[in-house]
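Going by this note's numbering, the sequence shown opens with residue 1, and the numbers climb by one from there.
C-beta: ideal position from N, C-alpha, C; glycine also.
This one's a predicted model, so the numbers in the text were calculated from it and none came from an experiment.
Below is one structure, written out as structure tokens; the observations come after it.
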Amino acid sequence: MAHTGLQNRILRSSSDHRQAFTVAIGSVHECRMLPSPRIQVIAVEGIPVIDGPSDLPEIILRALGRSGEKLVDGDVIVVAQKIVSKSEGRVVRQSDVQVSEHAQGIAKRNGFDPWQVQLALDESREVLRSERVFITETRNGIVCNFSGVDRSNAPRGSYILLPENPDASAEHIMRVVIERTGLSRLAVIVSDTQGRPWRVGSVNLAIGCAGINAFKYNRGKQDLYGRVLEHSTVCQIDELAAAAEHAMGQAGEGVPVVIVRGYPYSDGPEHGSNVPRPKSEDLFR
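Here you go:
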């Protein structure tokens, strides 16, 4: 459709910039081209099944060596929570769980697994919902289903718990890998697949990190029309965890470690433990 006075201006990028464009009626607006790095998501093949305490950094490095892939400065290693938990001995046999009357009652009312309910209670500091769903806040502040206790990819007759301190787990992997490779800059994210309220489907989220600030801030930057952004906080570790999930999968794919390469990031004081919204800011509790 033609409009009198309509002026269109399209700014096309070179090969190393995003295509940027703007369409304006009655005037022409300049649009800045923003640098767009090439980001790669690389599956680390050949990670063996872990069922007990293990040297996870060494397992990752050996798998990389067999595949011919080498870590480079600035890489982000995304590690699935299950393999972290297994390597730290966070696996509980069902036969070792003593189910309380309280857990039995919750399980009976809802048709839940009573052993899973008991472990979820043991791992929680608050139960938020216990009818139809079982939502808890874990001892380290993560709000999730059944305190993250899960049977998928667990040895038969066992349950896998979340790491006691996912940030510390990420820090350990990062420091050991740096020490053994001589890298000067590396980040590690521990991820877990979780559901989200008001949205169907699960997604990979970050529950711990090291070497990368949990958030990036766009406050003070200009949008395409020159307006200065006043409030823009992005949880970049969640974004990277979600990107890694495409290579990891959620079933029997057997890819619990992924490298994200080419993503520009900086370290900072905010970790995975800073991502859950404080109770004072929670509109639904």
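With DSSP collapsed to three states, give me the class of residue i.
| i | result |
| --- | --- |
| Ser67 | helix |
| Arg145 | According to the sequence shown, residue 145 is Asn rather than Arg. Here Asn145 sits in strand by DSSP. |
| Gly52 | coil |
| Lys108 | helix |
| Lys221 | coil |
| Gln98 | coil |
| Glu239 | helix |
| Glu58 | helix |
| Asn274 | helix |
| Glu45 | coil |
| Glu137 | strand |
| Asp192 | strand |
| Glu131 | coil |
| Ile178 | helix |
| Glu126 | strand |
| Ile207 | strand |
| Ser85 | helix |
| Ala80 | strand |
Between the options, which has its C-alpha nearest residue i's C-alpha?
| i | options | result |
| --- | --- | --- |
| Gly68 | Gly46, Ala154, Ser184 and Gly201 | Gly46 |
| Val255 | Pro197, Val49, Gln40 and Pro37 | Val49 |
| Tyr41 | Ala247, Phe284 and Val275 | What sits at residue 41 in the sequence shown is Val, not Tyr. It is Ala247. |
| Gln194 | Arg185, Pro264, Asp238 and Glu281 | Asp238 |
| Ile39 | Ser266, Ile259 and Phe284 | Ile259 |
| Gly157 | Val91, Pro197 and Val133 | Val91 |
| Val78 | Ala241, Gly268, Lys108 and Ser280 | Ala241 |
| Leu283 | Ser95, Ala206, Gly226 and Pro197 | Pro197 |
| Ser266 | Ala187, Leu119 and Asp51 | Ala187 |
| Asn213 | Lys70, Gly268 and Ser87 | Gly268 |
| Asn218 | Ala206, Arg151 and His231 | His231 |
| Ile189 | Glu131, Val84, Leu224 and Arg93 | Val84 |
| Ser87 | His172, Gly182, Leu183 and Leu224 | His172 |
| Val44 | Asp51, Gly65 and Asp55 | Gly65 |
| Glu131 | Asp55, Asn110 and Val117 | Asn110 |
Can you list, in chain order, the residues of its chain whose CB lies under 7 Å from that of residue i, leaving out five sequence neighbours each side?
| i | result |
| --- | --- |
| Phe215 | Thr233, Val234, Cys235, Gln236 and Glu270 |
| Asp167 | Gly208, Cys209, Ala210, His271, Gly272 and Ser273 |
| Gly74 | Arg185 |
| Ala243 | Val41 and Val260 |
| Asn165 | Asn140 |
| Glu30 | Residue placement at Glu30 is flagged as unreliable, the pLDDT there being 44, under the threshold of 50; the coordinate-derived value follows with that caveat. Answer for Glu30: no residue qualifies. |
For residue i, count the other beta carbons within 10 Å of its own beta carbon; 16 or more makes it buried, fewer makes it exposed. Which is it?
| i | result |
| --- | --- |
| Phe146 | buried |
| His102 | exposed |
| Phe112 | buried |
| Asn204 | buried |
| Ser169 | buried |
| Pro57 | buried |
| Met115 | The question names Met, yet the displayed sequence has Trp at residue 115. Per the 10 Å Cβ criterion, buried. |
| Pro163 | buried |
| Gly105 | exposed |
| Gln98 | exposed |
| Val72 | exposed |
| Ser191 | buried |
| Arg70 | The sequence given here places Lys at residue 70; Arg does not occur at that position. Exposed, because fewer than 16 other Cβ atoms sit within 10 Å of the Cβ of Lys70. |
| Ser95 | exposed |
| Glu245 | buried |
| Val133 | exposed |
| Leu119 | buried |
| Leu224 | exposed |
| Val23 | With a pLDDT of 33 at Val23, under the threshold of 50, the modelled position of that residue is not reliable, and the figure given next carries that caveat. By the 10 Å Cβ count, Val23 comes out exposed. |
Looking only at its chain, what residues have a beta carbon closer than 8 Å to the beta carbon of residue i, apart from the 5 residues adjacent to it on each side?
| i | result |
| --- | --- |
| Val143 | Leu128, Ile135, Thr136, Glu137 and Pro276 |
| Pro37 | Gly262, Tyr263 and Pro264 |
| Lys279 | Arg285 |
| Gly123 | A small fix is needed here, since residue 123 is Glu in this sequence, not Gly. Cβ within range, chain order: Thr136, Thr138, Arg139, Ser147, Gly148, Val149, Leu161 and Leu162. |
| Arg180 | Pro57, Glu58 and Leu61 |
Going along the chain, which residues of its own chain have a beta-carbon closer than 6 Å to the beta-carbon of residue i, five neighbours each way excluded?
| i | result |
| --- | --- |
| Ala154 | Ile160 |
| Pro53 | Gly89 |
| Arg151 | Tyr159 |
| Met174 | Leu186, Val188, Ala210 and Gly211 |
| Val176 | Pro57 |
Check your understanding: Along the chain, which unbroken stretches of the beta strand (DSSP E) at least 3 residues long are found entirely within the segment 147-174?
Key -> Complete beta strand (DSSP E) runs here, min 3: 158-160.
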